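One structure is given below, encoded as structure tokens.
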């Protein structure tokens, strides 16, 4: 039996995956202690009908090491060097299961999910860009997930967009995330208007509110340039755009694709920009498939 | 016996490679017709002592398809869809050889050479950035050369540095090459001073000539940001900086590395920026090793 888990900063979701689809899932507020999280996962597995040999893939926010099964650092969870695979295996074995556990960064898992069962099916070279509070990303090159030197392959949100530009949450200046991440969009709008709104609320105001239009115009420009970076540096065939902000802002992906095509120019083959298909289940599905 | 060939816009070099080093080579002005180039290669092989079974790797400027052995498009050579592997095999067989031919883009071959026998030895994830007239590049990820969707993997020179910036030779605006490629540096200096000098001549004037300092300051800023792009998007361990301009501008790579470290900020592990070691022989060696 195959299961996936998605450990985010606020919630944990565990689901049973059959033929690349989530057939049943359980969602809870995530606990802070790794051992308690391991218990949450084991409890969920049992409730989802797990018995005997089970494969479980866990997508976790933060820097993870798939080789050792450790969460190296997860700022959202407050974890440093947590041996999550060991914790999950221990608790699951106590519960009578024979678990095979795989750990991956949540965004990498989501990109893998889209690659295998979503908007990236049928190609070999894919980039995923997920716009939520920040901007996460991942790369599949020649059919393999790129982890990079320190597990941060595809973390495109912190590539530079404007030299010496806006200060980013990461401490550097001018990162793509500082222009097109949800939090950055909201902060930019607040600087202009004094009003605090969600990125998706600012999105629907674009036609009537020039500040909203200005903020989103800059964010779209940044995302279009990010597509250009991905096509130039990695020469991917397709970029999947996803994440909460993309899901909630109707037509955003099309605007980004159009702005990107305008930048590419004639004589260059443009990369395909498409919307993610698995939405909130991408990490869960991808993590499960990485456990195969 | 193992041979490498480097077909550039002006010269062709063919060399015998033993243990990752060029033991003997022949250099000629490159002909324009593919068949004549094939004859140049076969003649050089014979002069270099080839007989019987030979492996030859050819690094060629332009977009190539290693699977089919074709040069898809080489603007410098004026070639479109040239079946170079077939031409070389035909001529070499007529000359009594039993050739095994591999074709690769010249910059990709150079990066592979540095990866196997130069400044990239001992690591798994490497980017190469070669600054000459333009900026070429290549990527090795998890020990494999990245070709990308259309053979342009690692062509980092045409990633964007400044949105809507200087017009690049490629037709787009703001590419890294438009700020830090040799031709762009020379054009920038000419715009400021009316004087046409080589990039390396402008480099030595930096201390006394404020225009030269300004041009190179911008180029170094661009190259430092390019390192940031490579570390963020691909999370490589090391970037090898090479090419004619880097070779002729003493201390340039150190300046780029220092500027890049200044951008990275604390708490981020910086990628290692080093100078290429194989210099003019990187393509020849790398192409030969790709034929193994």
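Residue numbers (this note's numbering), protein chains in the order written: chain H, 1290 to 1581; chain E, 1290 to 1581. Cβ atoms here follow ideal geometry from the backbone N, Cα and C, with glycine treated the same way. In this text, all values refer to a predicted model and were calculated from it rather than measured experimentally.
Examine the ligand ATP and report whether any of its heavy atoms sits within less than 7 Å of the Cβ of residue 1560 of chain H. The ligand ATP is not among the ligands present in this structure, which contains no ligands whatsoever.
Could you tell me which uninterrupted alpha helix (DSSP H) segments, each at least 4 residues in length, are contained entirely in the region 1502 to 1541 of chain E, listed from first to last along the chain? Entirely contained in the region 1502 to 1541 of chain E, the alpha helix (DSSP H) runs reaching 4 residues are, in chain order, 1533 to 1537.
Going along the chain, which residues of the region 1550 to 1576 of chain E sit with their C-beta nearer than 8 Å to a C-beta in chain H? 1552, 1553, 1554, 1555, 1556, 1557, 1558, 1560
When you compare each of H:1442, H:1323, H:1344 to residue 1304 of chain H by their alpha carbons, which one comes out closest? Of the candidates H:1442, H:1323, H:1344, the one whose C-alpha sits nearest the C-alpha of residue 1304 of chain H is H:1344.
Using a Cβ cut-off of 9 Å, pull out every chain H residue sitting near residue 1389 of chain E, in sequence order please. Within chain H, no residue comes near residue 1389 of chain E; the closest Cβ sits about 23 Å away, beyond 9 Å.
Look at the alpha carbon of residue 1510 of chain E and the alpha carbon of residue 1401 of chain E, and state the distance between them as a whole number of angstroms. 26 Å
Under a Cβ-count criterion, where at least 16 other Cβ atoms within 10 Å of its own Cβ denotes burial, should residue 1322 of chain E be classed as buried or exposed? exposed
Report the option in E:1440, E:1501, E:1441, E:1429 whose CA atom is closest to the CA atom of residue 1469 of chain E. Nearest option by C-alpha distance: E:1501.
Continuous alpha helix (DSSP H) stretch holding residue 1402 of chain E: start and end: From DSSP, the alpha helix (DSSP H) with residue 1402 of chain E extends over 1395 to 1406.
Would you check if the distance between the CB atom of residue 1425 of chain H and the CB atom of residue 1446 of chain H is smaller than 8 Å? Result yes, Cβ atoms of residue 1425 of chain H and residue 1446 of chain H sit closer than 8 Å.
Just how far apart, CA to CA, sit residue 1477 of chain H and residue 1504 of chain H? 6 Å
Endpoints, beta strand (DSSP E) assigned at residue 1305 of chain E: Start and end: 1300 to 1307.
Taking any Cβ of chain E, which residues in the region 1442 to 1460 of chain H have a Cβ under 9 Å from it, in chain order? Cβ contacts with chain E: 1442, 1443, 1444, 1445, 1446, 1447, 1448, 1449, 1450, 1451, 1452, 1453, 1459, 1460.
May I have the straight-line CA-CA distance separating residue 1575 of chain H from residue 1398 of chain H, to the nearest angstrom? If I take the Cα positions, the gap works out to 5 Å.
My output table needs one value for residue 1323 of chain E: the three-state DSSP class, helix, strand or coil. Annotated three-state conformation of residue 1323 of chain E is helix, per DSSP.
For residue 1496 of chain E, count neighbouring C-beta atoms within 10 Å of its own C-beta (all shown protein chains included) and say buried if the count is 16 or more, exposed if not. exposed
What residue range does the alpha helix (DSSP H) around residue 1474 of chain E cover? Start and end: 1471 to 1482.
Nearest-angstrom Cα distance between residue 1565 of chain E and residue 1407 of chain E? 7 Å
On the criterion of 16 or more Cβ atoms from any shown chain inside 10 Å, does residue 1436 of chain H qualify as buried, or is it exposed? That one is buried.
Please decide whether residue 1430 of chain H counts as near chain E, where near means a Cβ-Cβ distance under 8 Å. For residue 1430 of chain H, the answer is yes, since a Cβ of chain E falls inside 8 Å of its Cβ.
Could you tell me if residue 1383 of chain E is buried or exposed, where buried requires 16 or more neighbouring beta carbons within 10 angstroms of its beta carbon? Exposed, by the Cβ-count rule.
Here's a check: name, in chain order, each residue in its chain whose Cβ is nearer than 8 Å to the Cβ of residue 1535 of chain E, leaving out the five neighbours to either side. Counting only Cβ-Cβ distances below 8 Å, and skipping sequence neighbours, we find 1419, 1420, 1541, 1542, 1564, 1565.
What first and last residue would you give for the beta strand (DSSP E) that runs through residue 1463 of chain H? Run containing residue 1463 of chain H: none; DSSP gives neither H nor E here.
Is the shortest distance between the beta-carbon of residue 1539 of chain H and the beta-carbons of chain E less than 8 Å? Taking Cβ atoms only, chain E never reaches closer than 8 Å to residue 1539 of chain H, which makes this a no.
Following the continuous alpha helix (DSSP H) through residue 1493 of chain E, name the residue where it begins and the one where it ends. 1488 to 1493 is the extent of the alpha helix (DSSP H) around residue 1493 of chain E.
Determine the DSSP secondary structure at residue 1424 of chain H, reduced to helix, strand or coil. strand
Going along the chain, which residues of the region 1407 to 1428 of chain E sit with their C-beta nearer than 9 Å to a C-beta in chain H? For the region 1407 to 1428 of chain E, which is checked against every Cβ of chain H, the residues closer than 9 Å are 1412, 1413, 1414, 1416, 1426, 1428.
With a CB to CB cut of under 7 Å and the five nearest residues on each side skipped, what residues in its chain are close to residue 1339 of chain H? For residue 1339 of chain H, the CB contacts under 7 Å within the same chain, skipping 5 residues up- and downstream, are 1290, 1292, 1386 in chain order.
Quick check on residue 1303 of chain H - is its C-beta less than 8 Å from some C-beta in chain E? no
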